[in-house]
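Peer 1: Shown below is the structure under consideration.
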Amino acid sequence: MKKLSVLLIVISIISSGCMGGSNDAQPVNSGKLFENEELQIRYATSWTKITDLPEGTPASTIAAFQNPTPTNNFYSNLNISKESSSDTKNSLDYAKTLIQAHQKNLPFFQKIKEEEITLKINGKDEKTMLYTFDAKADTVKTPILRYQQTYLIKGQDAYIATGTYAKEEPQENIAKITLMLKTFEVK
Numbered sequence: 390m391k392k393l394s395v396l397l398i399v400i401s402i403i404s405s406g407c408m409g410g411s412n413d414a415q416p417v418n419s420g421k422l423f424e425n426e427e428l429q430i431r432y433a434t435s436w437t438k439i440t441d442l443p444e445g446t447p448a449s450t451i452a453a454f455q456n457p458t459p460t461n462n463f464y465s466n467l468n469i470s471k472e473s474s475s476d477t478k479n480s481l482d483y484a485k486t487l488i489q490a491h492q493k494n495l496p497f498f499q500k501i502k503e504e505e506i507t508l509k510i511n512g513k514d515e516k517t518m519l520y521t522f523d524a525k526a527d528t529v530k531t532p533i534l535r536y537q538q539t540y541l542i543k544g545q546d547a548y549i550a551t552g553t554y555a556k557e558e559p560q561e562n563i564a565k566i567t568l569m570l571k572t573f574e575v576k
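Using this note's numbering, read the sequence shown as starting at 390 and increasing by one per residue.
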C-alpha cells in the first residue's frame, strides 16, 4: 500500500502539470524555509509553494513546491509526502525497499545514480539515500522524467521528498534541486 501511495503521488503531480525548471542559480541556503511541526526544507527563492494542491493529489502529500519557469513545457517540482511504515526500522532500509518497488512498478524505470547521504531527524544524523532515476507515470501519455528522491523514517512514519524535472533540465537547476533535497529534515 505504501508503494502504491508513493507511485500515486508521482503520477498525480505529473498529471496535474505541477513541475518546473529555472535558470537562476542562487544558493538554496539563502532561499525560503518551509517548516511545520513535523519537518523543514529550504527551497529556492524563485520557486513557489503550491498552496492549492491539484485534484487527485494524495492526502499523504504534506507540501509541494514549483519552479515557475518550465523546461520543455515541464515545470520542475519538489513534493514531500508522509506514509505509515511499521515494518521498516531505519531510513536507509526504507529507501532500499522503496527503490525496489519503483524498479518493479514504474514504466521505463532506469537507475541514474545512487548516493548515500546524511540528513537530520530531531537534529541527529540519519543515513539515507538520494536516489536519481528516470521513469514514466504511465506507458502512453507522459514523457520520461527524471526523479531525485530521499527518505527519512521517524517512528512509524516515512517521509519522502521527491524532486521531478525534465531530462533536459539545465545542470544548474538540477544542482539546485539536489541542494534542496539535502536540506530536508524531520523534527
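Even for Gly, the Cβ is constructed at its ideal location relative to N, Cα and C.
Sort K543, N494 and V529 by Cα distance to D514 and report the nearest one.
Peer 2: Translated into positions along the sequence shown, residue 514 becomes position 125. Checked all of K543, N494 and V529; the closest Cα to D514 is K543.
Peer 1: Which residue's Cα is closest to the Cα of A524: I488, Y540, T507 and L541?
Peer 2: Taking the first residue of the sequence shown as position 1, residue 524 is located at position 135. Measuring from the Cα of A524, the nearest candidate turns out to be I488.
Peer 1: Here's the rule: buried if 16 or more other CB atoms are within 10 angstroms of the residue's CB, otherwise exposed. What is A547?
Peer 2: As a working note, residue 547 is residue 158 in the sequence shown. A547 comes out buried.
Peer 1: Secondary structure at T434, three-state DSSP: helix, strand or coil?
Peer 2: The residue labelled residue 434 in the question sits at position 45 within the sequence shown. T434: coil per DSSP, three-state reduction.
Peer 1: Where in the segment 524-573 do unbroken runs of the alpha helix (DSSP H), each at least 4 residues long, occur, reported from the N-terminal end onward?
Peer 2: List check, alpha helix (DSSP H) in window: 560-570.
Peer 1: Go ahead and pull the three-state DSSP assignment for Y483.
Peer 2: To locate residue 483, count along the sequence shown from 1; it is residue 94. If DSSP states are grouped into helix, strand and coil, Y483 belongs with the helices.
Peer 1: Could I get the ranges of all uninterrupted alpha helix (DSSP H) runs contained in the segment 451-510, with 4 residues as the minimum, in chain order?
Peer 2: Listed in chain order, they are 480-494.
Peer 1: Given a threshold of 16 other Cβ atoms within 10 Å of its Cβ, counted over all protein chains shown, does G512 qualify as buried or as exposed?
Peer 2: Against the sequence shown, residue 512 aligns to sequence position 123. G512 should be labelled exposed.
Peer 1: Just the C-alpha distance for I430 and L570, rounded to the nearest angstrom, thanks.
Peer 2: For this step, residue 430 is matched to residue 41 along the sequence shown. For this step, residue 570 is matched to residue 181 along the sequence shown. Cα to Cα, I430 sits roughly 8 Å from L570.
Peer 1: Pull up the CB-CB distance for K509 and L481, whole angstroms please, since I reckon it's below 8 Å.
Peer 2: Translated into the one-based positions of the sequence shown, residue 509 becomes position 120. Translated into the one-based positions of the sequence shown, residue 481 becomes position 92. Not really, about 14 Å apart at Cβ, beyond 8 Å.
Peer 1: When you compare only the Cα positions, how much space is there between F522 and V575?
Peer 2: By one-based count along the sequence shown, residue 522 stands at place 133. By one-based count along the sequence shown, residue 575 stands at place 186. Taking the straight line joining both Cα atoms gives about 24 Å.
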